[in-house]
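**Q** A single structure is presented below for examination.
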Amino acid sequence: MAQTVNLDALIPREDFDNKEDTNGIPRNVSTLSITDLKYDSFFFANLRKPDFQRETNEWDSDKIVSLVESFIDQQLIPAIILWRNANSSTFVIDGSHRLSALAAWVNDDYGDGKISKEFYDGRIPDEEIASAEKTRNLIKKKVGLFSDYELAIHHPEKVKEEIAAKAKFLGAIPLQLQWVDGNAERAEQSFFKINQQAVSINKTELKLLKSRRKPSGVATRAIMRSGIGHKYWSFLAIEKQVEIQMIAKEIHSLLFEPKLTNPIKTLDLPLAGKSTSTQTQSLILDFVNIVNSDKFVKEKYEANDVDGEMTVQCLKNCRKILYRINSSNPSSLGLHPAIYLYSINGRFKTTSFYALLHFINFLEKSKGFDKFIECRELSEELIRDYDYLIQAIVRNKRESMKAYPFVADFYVMAVGSLLETKDVKETVEQIKSSDKFSGILKDASLEKEETLSSTFSRSVKSATFIKEALKNTPKCAICGGLLHKCSISIDHINRKVDGGLGNSDNAQLTHPYCNSTIKN
């Protein structure tokens, strides 16, 4: 899938929930000129997106360039639909990507320019910088920079003949506008109606759009952008806003750092794949809901947050479980991403991520961490060698949100059986013949990748590295589970209270949990 370009900073968001009468608003124009999209123009300065709109980051470089080409060549571009509130802010009801693509060209900002840097406090991911530069180079090659068209007005001899010729007509090319009449409620209804017809919004995204003031929605937005960018939480108490930003930044780091690159050449993998994936927003919302949905009274969790307390607690719960999964926190099990969250060819497994959250919640409620630790080494051997069984469950259920409880049950059954049998193969046979999984796993078998190409694919390169690297990965001296660099504790073999010294002969590598809990 082509890397998309993040144009979200170009048109800021605002809450348009303004119930004032719209009578007396200045007469609306029917067209725009391309210069109206300059950053310092009167029109562009007052242009806004509804605060609940999805991020403007779904177009790739080719689509952006194609839109700019279509405009310059005076081809048909669908009308932009706008609404103006009583404060004279102009909201984009439909056409945000079209306007943003043209504004990106005019302002030379494809997610890495002055506007974006100010919006994100200079913290722009490397992947987005690369996408922006790719788009800019493509613009130069196929269209020409907007600054070249401006230069052509007075100095046509300094630019290409084609640009000089087209620059003469550029100011006269109109962008067609349509306007929604009425109050904010009617504008919001129009937004959802138009956007569901034009580009299909999946259920998770639609839920996020409509939960913009609920704890889950605010927490998701905050985590998504590491607490920077548009403040979807600005309606909450000031002290809670600060706390939300701080915790969201930490959660984002726990989920997405270090950055995932392909092919994989390190086992230092992030817990949640790429932060710039088109599915990241849905993944974070699901993450927030899986962690929190059973920790609050349903009516309170699904209601709008009034002061920020619920959102902060949601974020704290999310941080707590990530501490438990893989961190330097004393509670950390140090679960290795390469075993639990990635396939052998380096593909991030969304379902396994959800299942691991569910599994940790189960261990928390059943006070089963010590039992898991007792058979952890064998559990990891089973997950690594029989990953195809987990994939069979996912294929059977077809959707991650439907499959993950079954994968979590697979883990639970594995732990229970391994505690009795101490044998991986026997445990696998017990699971396959169980009432819950016999129909799903009956014919499951390991499928080997078939290829006629003489060139190694990225998945083959990743698989080769992961297999070799796992052989040399150190193990916890207490539980035998694999150690990850983000979750290593140095333990006294002979405890300090028993006279153990702090020298290398009395030191061993362990997971933080094994050191702080099992050992004691």
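For reference, each letter of the sequence shown is one residue, going 9 to 528 in the numbering used here.
Think of the CB as a built atom: it goes at the ideal place given N, C-alpha and C, for glycine as much as any other residue.
1. Is DSSP giving residue 73 helix, strand or coil here?
2. Using C-beta distances below 7 Å, list every residue in its chain close to residue 329, excluding the 5 sequence neighbours before and after it, in chain order.
3. Roughly how many whole angstroms lie between the Cα atoms of residue 202 and residue 59?
4. Enumerate, from N- to C-terminal direction, the unbroken alpha helix (DSSP H) stretches of 4 or more residues contained entirely within the region 111-152.
5. Does DSSP put residue 348 in a helix, in a strand, or in coil?
6. Roughly how many angstroms separate the alpha carbons of residue 477 and residue 274, rounded to a whole number?
7. Going by DSSP, what residues sit across from residue 515 in a beta bridge?
8. When you compare only the Cα positions, how much space is there between residue 161 and residue 236?
9. Looking at the unbroken beta strand (DSSP E) that takes in residue 186, where does it start and where does it end?
10. Is the region 327-347 touching the region 307-317 in the sense that three or more CB pairs, one from each, lie closer than 8 Å?
11. Is residue 286 buried or exposed, if buried means 16 or more other CB atoms sit within 10 Å of its CB?
12. Of the choices 322, 471 and 335, whose alpha-carbon is the least far from that of residue 493?
13. Can you check whether the CB of residue 121 is closer than 8 Å to the CB of residue 15?
14. Smallest Cα separation from residue 1: which of 66, 272, 243 and 383?
15. What does DSSP give as the partner residues of residue 357 in its beta bridges?
16. Going by the beta-carbon positions, is the gap between residue 179 and residue 41 smaller than 8 Å?
17. Leaving out five residues before and five after residue 487 in sequence, what residues of the same chain have Cβ atoms less than 6 Å from its Cβ?
18. Between the alpha carbons of residue 138 and residue 401, how many angstroms are there, rounded?
19. Is it buried or exposed for residue 7, if we count other Cβ within 10 angstroms and need 16 for buried?
20. Whole angstroms is fine: what's the gap from residue 447's alpha carbon to residue 490's?
21. What residue does the alpha helix (DSSP H) around residue 314 start on, and which one ends it?
22. Count the other CB atoms, across all protein chains shown, that sit within 10 Å of the CB of residue 130; report buried if there are 16 or more and exposed otherwise.
23. Tell me residue 98's beta-bridge partners as DSSP assigns them.
24. Excluding the five sequence neighbours on either side, which residues of its own chain have a C-beta within less than 6 Å of the C-beta of residue 248, listed in chain order?
25. Does DSSP put residue 273 in a helix, in a strand, or in coil?
26. Using DSSP's beta-bridge definition, name the partner residues of residue 40.
27. Taking the DSSP output, what are the residues bridged to residue 21?
28. For residue 12, write down the residues that DSSP places opposite it in a beta bridge.
29. Go ahead and label residue 223 buried or exposed: buried means 16 or more other beta carbons lie within 10 angstroms of its beta carbon, across all protein chains shown.
30. Inspect the beta-carbon positions of residue 356 and residue 350 and report whether they are closer than 8 Å.
31. For residue 85 and residue 159, which I take to be in contact (beta-carbon distance under 8 Å), what is that distance rounded to the nearest angstrom?
32. Buried or exposed for residue 301, please, with buried defined as at least 16 other CB atoms from any protein chain shown within 10 angstroms of its CB.
33. As a quick exercise: from 12, 93 and 276, pick the residue whose alpha carbon is nearest that of residue 73.
34. Sort 500, 231, 52 and 151 by Cα distance to residue 17 and report the nearest one.
35. Enumerate in chain order the residues of its own chain whose CB-to-CB distance from residue 135 is below 6 Å, with the five nearest sequence positions on each side excluded.
**A** In terms of the structure at hand:
1. helix
2. 299, 365 and 368
3. Our two residues, residue 202 and residue 59, have alpha carbons roughly 16 Å apart in a direct line.
4. 122-127 and 134-150
5. helix
6. In this model, residue 477 and residue 274 are separated by some 8 Å (Cα to Cα).
7. Its beta-bridge partners are 500.
8. Going by the C-alpha atoms only, they are around 39 Å apart.
9. Element bounds for residue 186: 183-187.
10. no
11. exposed
12. 335
13. no
14. The chain is shown only over 9 to 528; residue 1 falls outside these bounds and no answer can be derived.
15. None, per the DSSP bridge assignment.
16. For residue 179 and residue 41, yes; Cβs fall inside 8 Å.
17. 381, 384 and 522
18. 37 Å
19. Nothing about residue 7 can be read from this structure; the chain reaches only from 9 to 528.
20. 32 Å
21. Residue 314 -> no alpha helix (DSSP H), and no H or E assigned at all.
22. exposed
23. 55 and 92
24. 316 and 320
25. Three-state result, residue 273: coil.
26. 183
27. 57
28. Note: residue 12 sits in a beta bridge opposite 68.
29. By the 10 Å Cβ count, residue 223 comes out buried.
30. yes
31. Not a contact, Cβ separation roughly 25 Å.
32. Exposed is the label assigned to residue 301, since fewer than 16 other Cβ atoms lie within 10 Å of its Cβ.
33. 12
34. 52
35. 284
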